[in-house]
Structures are given as C-alpha cells and as structure tokens.
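Note that my numbering has the sequence shown beginning at 100, numbered continuously upward. We put the beta carbon where it would ideally sit given N, CA and C, even for glycine. The next block holds one structure in the form of structure tokens; read it before the comments.
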Amino acid sequence: MNKKTISISLATLLISSFSMAMAPPSYSAPATRDTSKVISREMKVDQFDAVDVSGGLRVSLKLGASPKVLVECNEKSMNQVKVNVTKNILSISTPTKFTASHAQVTIIVPRLSRINASGFVEAKLEQMKGSNLHIESHNNCTVESTGMVEKLSVTADGQSFLKLENLKSNDCVASVSGKTFAKVFAANTLKASAQGESVLNVRGNPKILSKNIASTSFFKMLK
100 MNKKTISISL
110 ATLLISSFSM
120 AMAPPSYSAP
130 ATRDTSKVIS
140 REMKVDQFDA
150 VDVSGGLRVS
160 LKLGASPKVL
170 VECNEKSMNQ
180 VKVNVTKNIL
190 SISTPTKFTA
200 SHAQVTIIVP
210 RLSRINASGF
220 VEAKLEQMKG
230 SNLHIESHNN
240 CTVESTGMVE
250 KLSVTADGQS
260 FLKLENLKSN
270 DCVASVSGKT
280 FAKVFAANTL
290 KASAQGESVL
300 NVRGNPKILS
310 KNIASTSFFK
320 MLK
C-alpha cells in the first residue's frame, strides 16, 4: 500500500467517524396504545368550584347537587389518572407518556367559577349558569359550552379551539392569542383582544368597550 492509498484511507476513516458523531440520535418507536378493557371508577372528592385539567383527556362537566368525579379509562392506565382537590380546586392530570386509548372524565359540581385546560384536553361544559365564569385554554385544547352566565372571562393561547357561542353571557372579556380560534356570545358589553394569528368571532351584538386586535389576527361581529 503506497502513501497515496494510505492518505485516502485515513481521510475516508476521518469523514466516516465525523459523520457518525454528527448523526442525529435515533428515537424509539412510540409506545403501544393501551387497549385493555375500559373500567369505571368514582373518585372521592371534597367540595370544589374550580377545575384544572391537563394531559390527554375528554371531560364532560355538568352542574349537580353534590360534587362527583367519574373516570372511565383503560384498566392498565387507570392509576395514571391523578385526581385531587386542594383549596377548592379539582386537579385532574395524566402523565406525558399516557397511552390510554380511552380516557373520559365526568365531573359534577354545584357551581363552577373557573376551568383551566392544558395539553390535549377536550372539555364540554353543559348548561352552565351563575354570575361569573372564567375559561382558560392552552396548547391544543378544545372547550365547548352551553348555558347562561352574567359575566364570562376567556383566556386562550396555543392552538386552542373554543366553541362558546351557545354559552350566553351579558358581559364578556375575551383575550386570545397564538393560533386560537374562538366564538363567544355577549349580549351587553365586550372587551376583546386578539393577538398572534388568532381568530375571535362574537355573537350577541354587544357594545364594544375596548378592542385590541393585531394586524395578523381576525375579529368579526357575527349576526
């Protein structure tokens, strides 16, 4: 082997070693979905009037005489659904690597003042009523609601989807950002803010007290 051949071989070896060092790390395949049988479990909870829910869940929330939480989930994943109440706030969460193919939570509460959803939550609030309700949505959550309240406050970011036109409020404060898409209803007054690439549609023909709409956002009063 002459000097030229040795030089070429060494160069090839160096390039190969550098390529291996710079190659992106390999990632393992996604975890297999839990398809074990679906079971139900009623969780014992104290009184609460606010809800924080995060992770990957479907949530159905209704008003009732006494607080109740019912979880339906694949058996192998059931213990990963964490439920607790602290300072009148019900917290429900799942871990990042949650593989259940079915995870549904039914919440019954006498009065709801606030709900905060984050992660990949799909929440449906049925026939809400009361004086004040605050709805927060983050990441990739979907929140839908019906009913009637005096004052509605909405805060949303990420890629939230809020279908709240059937939740009738007298006065509404709505602040959306990111790529949020939201529909709300206000009969009397509205304070609106839309930032990022968000969309805010409003029904009810309210008097607009304030409006802050970015040039990249969309705001429309619907008939």
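Is the beta carbon of residue j closer than 8 Å to that of residue i?
i, j, result
"ARG140", "MET177", "yes"
"PHE318", "ALA291", "yes"
"ALA281", "LEU299", "yes"
"GLY277", "ASP256", "yes"
"PHE284", "LEU263", "yes"
"GLN226", "LEU169", "no"
"ASN231", "LYS250", "yes"
"SER212", "ASP148", "yes"
I'd like to confirm the pairing. Which residues does DSSP put opposite residue i in its beta bridges?
i, result
"ASN231", "LYS250"
"GLN203", "ARG157 and GLU171"
"ASN215", "ASP151 and GLU235"
"PHE260", "THR241 and PHE280"
"THR185", "ILE188"
"MET177", "Partner(s): none; MET177 has no beta bridge."
"ARG132", "Paired residues: none, contrary to the question."
"LYS319", "ASN300"
"ASN265", "THR245"
"SER274", "THR254 and SER292"
"ALA222", "VAL158 and VAL242"
"SER139", "GLU171"
"VAL208", "LEU162"
Under a Cβ-count criterion, where at least 16 other Cβ atoms within 10 Å of its own Cβ denotes burial, should residue i be classed as buried or exposed?
i, result
"ILE307", "exposed"
"LYS267", "buried"
"VAL272", "buried"
"ALA164", "exposed"
"LYS136", "exposed"
"ILE206", "buried"
"ASN173", "buried"
"LEU321", "exposed"
"ASP145", "exposed"
"THR279", "buried"
"PRO305", "buried"
"SER309", "exposed"
"PRO209", "exposed"
"SER244", "buried"
"ALA128", "The predicted position of ALA128 is uncertain, since its pLDDT is 41 and thus under 50; a value taken from the coordinates is nonetheless stated next. Exposed, since its Cβ has fewer than 16 Cβ neighbours within 10 Å."
Apart from the five residues on each side of it in sequence, which residues of its chain come closer than 6 Å, Cβ to Cβ, to residue i?
i, result
"ASN215", "ASP151 and GLU235"
"SER192", "SER153, GLY154 and LYS181"
"ALA222", "VAL158, ALA216 and VAL242"
"GLU296", "LYS278 and THR315"
"ASN238", "SER217, GLY218 and GLY257"
"VAL184", "VAL144, ASP145 and PHE147"
"GLY246", "GLN226, MET227, LYS228 and LEU266"
"LYS167", "ILE207"
"SER259", "SER236, CYS240 and THR279"
Does residue i get closer than 8 Å to chain C when you measure Cβ to Cβ?
i, result
"MET177", "Here chain C cannot be found, since the structure has a single protein chain."
What does a CB cutoff of less than 7 Å around residue i pick up in its chain, not counting 5 residues either side in sequence?
i, result
"GLN179", "THR193, PRO194 and PHE197"
"THR254", "GLU235 and SER274"
"GLU171", "VAL137, SER139, HIS201 and GLN203"
"THR288", "ASP270, PRO305, LYS306 and LEU308"
Contained beta strand (DSSP E) runs [length at least 3] in the segment 284-310, N- to C-terminal order: 298-302
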